[in-house]
Amino acid sequence: MEALSALVAELTGDEEKAAAAASSAGFAYGLAAIGPGIGIGYLVGKSVEAMARQPEAAGMVRTTMFLGIAFTEALALIGFVVFILIGL
Amino acid sequence: MIALEFPPINEILRWKDLFPSFNKIALIAVAAALIGTIVFLLAGSKDPMKAPKGVRNLAETIVEFIENGIVMQTMGRDGLGWTPFLMSIFMFIYLCNVPGIIPFLQMPATARIAIPMFLSLLVWVVFIGTGFKHQGIGYLKSSLFPPGVPKALYILVTPIEFISTFLVRPFSLTVRLFANMLAGHILLVTFALLSEALFQAKGNPGLIPVGVLPLFMLIFLTGFEVLVAFLQAYIFTILTAVYIGGAAHPEH
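For the protein sequence lines, the chains are U and A, in the order given.
Residue numbering for the first sequence follows my numbering, starting at 709 and increasing by one per position.
Residue numbering for the second sequence follows my numbering, starting at 752 and increasing by one per position.
Here it is, written out as structure tokens:
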């Protein structure tokens, strides 16, 4: 972080703004990926458990799992879009 | 040091127009629509009484996948009439996604927001229309005032249901497809640039063998994108089926 602030101190005006935007874009995406990461891991783990316990219900569990993944993943993807919007 | 400059985002997403207002994205989209239509027209013209082979075999596999994997799982037997619509959406999105890994095309048409946004607006109109067709004005009641909730809570529940059903659904459909394909495309560009820069490192020849690592990562990610292209088409279609099924039959 010190290196970053030293770097920012050397810049002026627009450059400073661009540097701050670039670094905060990185933080924004990193933070946005934490929750969905935990969520998808938990979801898939539980689904595998369910499929192992009851293989005849595997098709239904898989469909529901993909639905859950799609909803959970949306949060990370919105973070990715924000990353592009503020970083580039 | 190696000279590695990531190009601005417009450079990796944009091409000069082939002719006015028609660029490579439009070309891929038109090709996807044409290929899908031609494959199924060819398959439909074959004799249905003989054992299927070739293009008809492919088409039957896809239809069966849509019927068993998507419609039966989400809408049940009543939803089988939606198979053509869902299959058109699935084939179009899949054929738009796949150019992301085809050499020389190397661009998924769905990585520009126009195509996902138009498709999800279409889905939005269709599922709201289905709701009004099947339930009349009661669709608003069943979607905004879900049964089994204490009366006082409707102050809180109704705005949330309104936002999540009518505003967030098309938005999240759009962003899911668009951002997944764009992220895959940017990843491929990143590793391709990195391995190219390492292979051409002039000042430090020791770096040249290191370039094999991002190259392997690039190959692995290309394989991964094959999966993502299919999975995103599948998820878009299955969510469409869930939305239409929910609008046709309210939860009791």
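Virtual Cβ for every residue (Gly too), placed ideally from N, Cα, C.
ask   = Is F757/A helix, strand or coil by DSSP?
value = In the structure shown, F757/A adopts coil according to DSSP, grouped into three states.
Endpoints, alpha helix (DSSP H) assigned at L831/A = Per DSSP, L831/A is not a residue of any alpha helix (DSSP H), being assigned neither H nor E.
ask   = So which residues on chain A does M768/U lean against when the C-beta distance must stay under 7 Å?
value = Under the 7 Å cutoff, chain A gives Q824.
Touching by the beta-carbon criterion (3+ pairs, under 8 Å), the segment 773 to 787 of chain U and the segment 736 to 744 of chain U = Of all C-beta pairs linking the segment 773 to 787 of chain U to the segment 736 to 744 of chain U, three or more are shorter than 8 Å, placing the two stretches in contact.
query = From T771/U to W766/A, what does the alpha carbon distance come to, in whole angstroms?
reply = Rounded to whole angstroms, T771/U to W766/A spans 38 Å at the Cα level.
query = In or out: F971/A buried (at least 16 other Cβ within 10 Å) or exposed?
reply = F971/A is classed as exposed because its beta carbon has fewer than 16 other beta carbons within 10 Å across all chains shown.
key: DSSP bridge partner residues for F770/A (one or two, in chain order)   = Per DSSP, F773/A.
ask   = What are the start and end residues of the alpha helix (DSSP H) that includes I986/A?
value = Where I986/A is concerned, the enclosing alpha helix (DSSP H) stretches over V963 to A999.
query = Using 8 Å as the limit for Cβ to Cβ distance, is E723/U near chain A?
reply = For E723/U, the answer is no, since every Cβ of chain A falls outside 8 Å of its Cβ.
Contacts that V789/U makes with chain A (C-beta to C-beta distance below 7 Å) = Around V789/U, the beta-carbon contacts reaching into chain A at under 7 Å are V926 and A930.
query = So which residues on chain A does T771/U lean against when the C-beta distance must stay under 9 Å?
reply = Ordered by position in chain A, the residues that pass the 9 Å Cβ test against T771/U are G820, I821, Q824, T825 and I989.
message = Rounding to the nearest angstrom, what Cα-Cα distance links F735/U and V790/U in this structure?
response = Taking the straight line from one Cα to the other gives about 11 Å.
key: Whole-angstrom distance between I817/A and V877/A, CA atom to CA atom   = So the two alpha carbons sit approximately 18 Å from each other.
key: Whether P1001/A touches S915/A by CB criterion (8 Å)   = It is not a contact, given that the beta carbons lie outside the stated cut-off.
query = For E976/A, does the count of other Cβ atoms within 10 angstroms reach 16, so buried, or fall short, so exposed?
reply = Label assigned to E976/A: buried.
Within-8 Å CB hit, I792/U to chain A = Residue contact check for I792/U against chain A: a CB pair falls below 8 Å.
request  = Please classify I844/A: is it buried, with 16 or more other beta-carbons within 10 angstroms of its beta-carbon, or exposed?
outcome  = When all chains shown are included, I844/A counts as buried.
query = Along the segment 931 to 942 of chain A, what residues have a CB closer than 8 Å to any CB found in chain U?
reply = Taken in chain order, the members of the segment 931 to 942 of chain A whose beta-carbon sits within less than 8 Å of a beta-carbon on chain U are N931, L933 and A934.
P850/A beta carbon less than 8 Å from that of I906/A = No. Outside cutoff.
Counted within 10 angstroms of its Cβ, other Cβ atoms place S923/A as buried (16 or more) or exposed = For S923/A, the number of other beta carbons within 10 angstroms of its own is at least 16, and it is reported as buried.
query = With burial defined as no fewer than 16 other Cβ atoms inside 10 Å of the residue's Cβ, what is the status of F791/A: buried or exposed?
reply = Buried, since its Cβ has 16 or more Cβ neighbours within 10 Å.
ask   = Under a CB-based cut-off of 8 Å, is L751/U close to chain A?
value = False, the Cβ-Cβ gap to chain A never drops below 8 Å.
inquiry  = Considering Cα atoms alone, identify which of A999/A, L764/A, P759/A and N761/A is closest to F883/A.
reply    = Closest option to F883/A, judged by alpha-carbon separation, among A999/A, L764/A, P759/A and N761/A: A999/A.
request  = Could you name the residues of the same chain whose beta carbon sits closer than 6 Å to that of A862/A, not counting the 5 residues immediately before and after it, in chain order?
outcome  = Same-chain partners within the cutoff: M932, L933 and H936.
request  = Please report the residue range of the alpha helix (DSSP H) in which Q901/A lies.
outcome  = Note that residue 901/A corresponds to Pro in the displayed sequence, not to Gln. Note, P901/A: premise wrong, no alpha helix (DSSP H); not H, not E.
key: Within chain A, partners of I786/U - CB distance below 7 Å   = Within chain A, the residues placing a beta-carbon under 7 Å from that of I786/U are V926, ordered along the chain.
key: Residues near K775/A by beta carbon distance below 8 Å, same chain, minus five either side   = Excluding positions up to five away in sequence, the list reads W766, L769, L856 and M858.
key: For A810/A, the first and last residue of its enclosing alpha helix (DSSP H)   = According to the DSSP assignment, A810/A belongs to the alpha helix (DSSP H) that extends over V806 to F816.
request  = Answer with yes or no whether the minimum CB distance from F735/U to chain A is below 8 Å.
outcome  = Cβ-Cβ to chain A under 8 Å: no for F735/U.
task = Report yes if the C-beta distance between T812/A and I864/A is below 8 Å; otherwise report no.
result = No, these two residues do not count as a Cβ contact at 8 Å.
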